[in-house]
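In order, the protein sequence lines correspond to chains A and B. So for the first sequence, this note's numbering puts the first residue at 36; every next one is plus one. So for the second sequence, this note's numbering puts the first residue at 19; every next one is plus one. Where is the CB? At the ideal position from N, CA and C, for every residue including glycine. To start, the structure under review is shown below, and the notes come after it.
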Amino acid sequence: NAGVTQTPKFRVLKTGQSMTLLCAQDMNHEYMYWYRQDPGMGLRLIHYSVGEGTTAKGEVPDGYNVSRLKKQNFLLGLESAAPSQTSVYFCASSYEGEAFFGQGTRLTVV
Amino acid sequence: AQKVTQAQTEISVVEKEDVTLDCVYETRDTTYYLFWYKQPPSGELVFLIRRNSFDEQNEISGRYSWNFQKSTSSFNFTITASQVVDSAVYFCALKVLNQGNYGQNFVFGPGTRLSVLP
Numbered sequence: 036n037a038g039v040t041q042t043p044k045f046r047v048l049k050t051g052q053s054m055t056l057l058c059a060q061d062m063n064h065e066y067m068y069w070y071r072q073d074p075g076m077g078l079r080l081i082h083y084s085v086g087e088g089t090t091a092k093g094e095v096p097d098g099y100n101v102s103r104l105k106k107q108n109f110l111l112g113l114e115s116a117a118p119s120q121t122s123v124y125f126c127a128s129s130y131e132g133e134a135f136f137g138q139g140t141r142l143t144v145v
Numbered sequence: 019a020q021k022v023t024q025a026q027t028e029i030s031v032v033e034k035e036d037v038t039l040d041c042v043y044e045t046r047d048t049t050y051y052l053f054w055y056k057q058p059p060s061g062e063l064v065f066l067i068r069r070n071s072f073d074e075q076n077e078i079s080g081r082y083s084w085n086f087q088k089s090t091s092s093f094n095f096t097i098t099a100s101q102v103v104d105s106a107v108y109f110c111a112l113k114v115l116n117q118g119n120y121g122q123n124f125v126f127g128p129g130t131r132l133s134v135l136p
């Protein structure tokens with residue numbers, strides 16, 4: 036079972052570049068989430084989706100955009116990367132209970 | 019608004035010692051879930067337990083046990099006879115269920131880094 040898969044696992048960007056992180060889940064979950072993890076701050080919600088075609092802002096949405104064109108995929112975009120976006124990004128999906136997480140993407144913006 | 023506090027930033031114990039990780043949560047809602055996740059050095063997030071707000075029974079799973087007390091809004095996690103493999107960051111999380119279309123979002127605490135020394 037694949038569960039939640041994130042690509043890529045690592046990426047280095049230059050300031051101002053753009054990129055898209057892909058999250059795919061095969062559990063038919065309605066809810067999907069993008070979090071960022073920074074030292075000492077736990078996981079902070081960037082954007083989330085309650086179903087195909089819907090997205091909403093979380094706690095720290097600035098500088099990011101998302102799309103959920105298909106139920107199984109949730110894309111996170113950085114339009115113009117900044118050093119403050121250096122972080123580990125986690126995608127998760129859930130139904131009623133616990134969240135299932137991807138392996139994480141370590142992004143460095145130089 | 020919801021909030022999860024894990025006051026212990028880092029804990030170090032010697033192998034075979036018992037250790038308790040504290041979690042205090044805040045919510046005005048009456049229907050919610052509480053969770054514990056483990057993040058080992060490899061970085062993935064591993065689900066450990068879920069407890070709903072109507073079930074205050076303590077739970078034991080091997081060396082792990084959880085104490086849920088609504089009166090103090092706490093959901094503490096105890097590892098008995100700790101082992102080096104227990105070294106990880108542990109996160110407590112809260113999910114309120116009555117959010118309609120707001121996605122049943124998870125709120126995470128800042129985490130507690132546990133180091134078990136041989």
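Considering only DSSP beta bridges, list what A/H82 is partnered with. According to DSSP, which records beta bridges pairwise, A/H82 is partnered with A/W69, A/K92.
Any residues in the stretch 119-134 of chain B with a beta carbon nearer than 7 Å to a beta carbon of chain A? Which ones, in chain order? Of all residues in the stretch 119-134 of chain B, only N119, G121, Q122, N123, F124, F126, G127, P128, G129 come within less than 7 Å of chain A when Cβ atoms are compared, listed by chain position.
Any beta-carbon of chain A closer than 8 Å to the one on B/F95? So, not an interface residue.
Going by the CB atoms, is the gap between A/T140 and A/V47 shorter than 8 Å? With a cutoff of 8 Å on beta-carbon distance, A/V47 and A/T140 are scored as not near each other.
Nearest-angstrom Cα separation, counted from A/R79 out to A/Y70: For A/Y70 and A/R79, the distance between alpha carbons rounds to 5 Å.
C-alpha gap between B/V31 and A/G98, whole angstroms: Approximately 41 Å between the Cα atoms of the pair.
Under a CB-based cut-off of 8 Å, is A/M54 close to chain B? So no, A/M54 is outside the interface.
Anything in chain B within Cβ reach of A/A37, meaning under 8 Å, just list it in chain order. For a Cβ distance threshold of 8 Å, nothing in chain B lies close to A/A37: the least Cβ distance comes to about 14 Å.
Give the secondary structure of A/T40 by DSSP, where H, G and I count as helix, E and B as strand, and everything else as coil. In the three-state reduction of the DSSP assignment, A/T40 falls in the strand class.
Between B/Y55 and B/F65, is the Cβ-Cβ spacing less than 8 Å? Yes.
Which residues does DSSP list as the beta-bridge partners of B/Y51? Per DSSP, the beta bridge partners of B/Y51 are B/N70, B/K113.
For B/G127, count neighbouring Cβ atoms within 10 angstroms of its own Cβ and tell me buried if that reaches 16, exposed if not. Classification of B/G127: buried, given that the 10 Å Cβ count is 16 or more.
From the DSSP output, read off the bridge partner residues of B/V64. B/V64 pairs with B/K56.
For B/I97, count the other beta carbons within 10 Å of its own beta carbon; 16 or more makes it buried, fewer makes it exposed. Which is it? Counting Cβ neighbours within 10 Å, B/I97 comes out buried, since at least 16 surround it.
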